[in-house]
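Notes follow the structure.
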Amino acid sequence: MSKSTNTYNRQNWETADFPILCQTCLGDNPYLRMTKEAHGKECKICARPFSVFRWCPGRGMRYKKTEVCQTCSKLKNICQTCLLDLEYGLPVQVRDSALGLKDSVPKSDVNKEYYTQNMEKQLANTDGTTAVGELERAEAKNDLLLKLARTTPYYQRNKPHICSFWVKGECKRGDECPYRHEMPSDPNDPLSRQNIKDRYYGIKDPVAQKLLKRASAMPSLKPPEDKTITTLYIGGLEGRVSVEDLRDHFYQFGEIRSINIVQRQQCAFVCFTTRVAAELAAERSFNKLILQGRRLKVMWGRAQGQAPPDSKSTVKLTPVPGLPGALPPPPPPPVNSAVADSTGAAGSAPVAPPILPPPPHTIGAIPPPPPAMAHFRLPPPPPPGSQASIPPPMRGHRPPVHYPSQDPHRLGTGKQNYTNESKASN
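So for the sequence shown, our numbering puts the first residue at 2; every next one is plus one.
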């Protein structure tokens, strides 16, 4: 091969200063150290040499590296390592099926190289942040993507792989082994047999098929039967979402009566003026509402005074042994024969009870005294004026004690002492 031919071929090789990565692959460590190898490997999609970056996303995680070149990454708007969508964090097959896109990337080597050169010319005219091709003409938002989108990084995906020697019982490294010492959950799981090209082109991706099946089984939010309920419950605020953020999202569905945020419970209540606006907001926001990078929970509010559904529990409690049982019911009251006769036969109308005769004494007469209570056996009262009517003195009663200091004549306050003192002075 001549030098000119080698130089011409190197013009299509890719050189980059920083990779295109998602937040999950980048890790949670802000001080990250990467190694760069210019033209270190071939792209697994277009087979062109590109700059390979290698790094460790965190403590206890495995080392990761870029798998495809930046041109292939920009064509699909995916991460260079995990090949998931940078905006939604979903596989390419899920995103394309939700947006109705058809894969236009050729599979043969010659057509693939020609297609890549044309796409590079289009990317050169942009700032590198806008999509090109079919993805540029796609819709901005989709209900399925909003339901399945991942809003927070999933760092568990960066864990080391399972040690195959430990599974066989032959690992001798112990704690120094960089792989996980865990048993696989299911050796026949299709997720363990993934092909990077199928993931890139969105064909027979087991992860995408699992997500699509989960989306079809997602529950829907049914409006309550009470037509007076026009309030929506918004949960999962975590202090990041304000009243202005909620109003900016829900005002498009109708007039809002009030928005109340309960900081202690990290939730909010959005009340609409009409039931139609509340139903439209619930339909458009259920499993789709994302504010300040958080996926919020949307549910219908309950009417005031309505008990929660958990209060009507059907669980039967078993009796505690050793405790006394319930008391028997009281005996029925005795039935008077006169009242029973007055009611008549069974099924007939009740008859009024007979009128009792008045008491023997008249209204103006003095009723007779009640009979004496014999069980107390009190003696009869003595006649008035007799000696027995005077109560005897109390036992142990003493006459009042006279103190000299209480005598008024002792200090000269009496009249006699005052006249004697006046005569002596004369």
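C-beta: ideal position from N, C-alpha, C; glycine also.
Being a predicted model, the structure only gives us computed values, none of them experimental.
Assigned with DSSP and collapsed to three states, Pro50 falls in strand. Closest by C-alpha distance to Pro179, out of Trp167, Asp187, Arg151, Asp190, is Trp167. Taking C-beta atoms under 8 angstroms as the contact rule, Val277 and Leu290 fail to qualify, at a distance of about 19 angstroms. DSSP places Trp301 in the uninterrupted beta strand (DSSP E) bounded by 298-301. Ile163 sits close to Arg181, with the two beta carbons spaced by under 9 angstroms. In the DSSP assignment, Thr82 falls outside any alpha helix (DSSP H), carrying neither H nor E. Tyr202 and Val106 do touch by the CB rule: their CB atoms are close to 7 angstroms apart, below 8 angstroms. Across the structure, Asn159 and Phe254 are spaced so that their CA atoms are roughly 41 angstroms apart. As far as DSSP is concerned, Lys173 takes part in no beta bridge. Secondary structure of Met62 (DSSP, three-state): coil. Cys73 carries a helical assignment under DSSP once its states are collapsed to helix, strand and coil. In this structure, Ile230 and Val271 do not form a Cβ contact; the two beta carbons are roughly 12 angstroms apart against a cut-off of 8 angstroms.
Short of 8 angstroms from the beta carbon of Ala283, and not among the five residues preceding or following it, lie these beta carbons of its own chain, in chain order: Leu222, Pro224, Leu233, Val299, Trp301. For Trp56, the pairing in a beta bridge is given by DSSP as Met35, Lys65. Taking all protein chains in view, the Cβ of Ala39 is surrounded by fewer than 16 other Cβ atoms within 10 Å, so the residue is classified as exposed. Counting every other CB atom within 10 Å of its CB across the protein chains shown gives Tyr155 a total below 16, marking it as exposed.
Val242 sits buried, since 16 or more C-beta atoms from the chains shown fall within 10 Å of its C-beta. Segment contact: the segment 54-61 against the segment 104-120, fewer than three CB-CB distances shorter than 8 angstroms; contact not assigned. In this chain, Ile163 is not harboured by any alpha helix (DSSP H), its DSSP state being neither H nor E. For Asn112, the enclosing alpha helix (DSSP H) has its first and last residue at 110-125.
Secondary structure at Tyr202: helix, using DSSP grouped into helix, strand and coil. In this structure, Ala17 lies away from Leu91, with their beta-carbon atoms at least 9 angstroms apart. The shortest C-alpha to C-alpha distance from Gly240 to any of Glu256, Ile262, Tyr252 is the one to Ile262. Spanning the alpha carbons of Leu281 and Thr152 requires a straight line of approximately 24 angstroms. In this structure, Asp246 lies away from Gln210, with their beta-carbon atoms at least 9 angstroms apart. Cys26: member of the alpha helix (DSSP H) spanning 24-27, first to last residue.
For Arg285, the enclosing alpha helix (DSSP H) starts and ends at 276-286.
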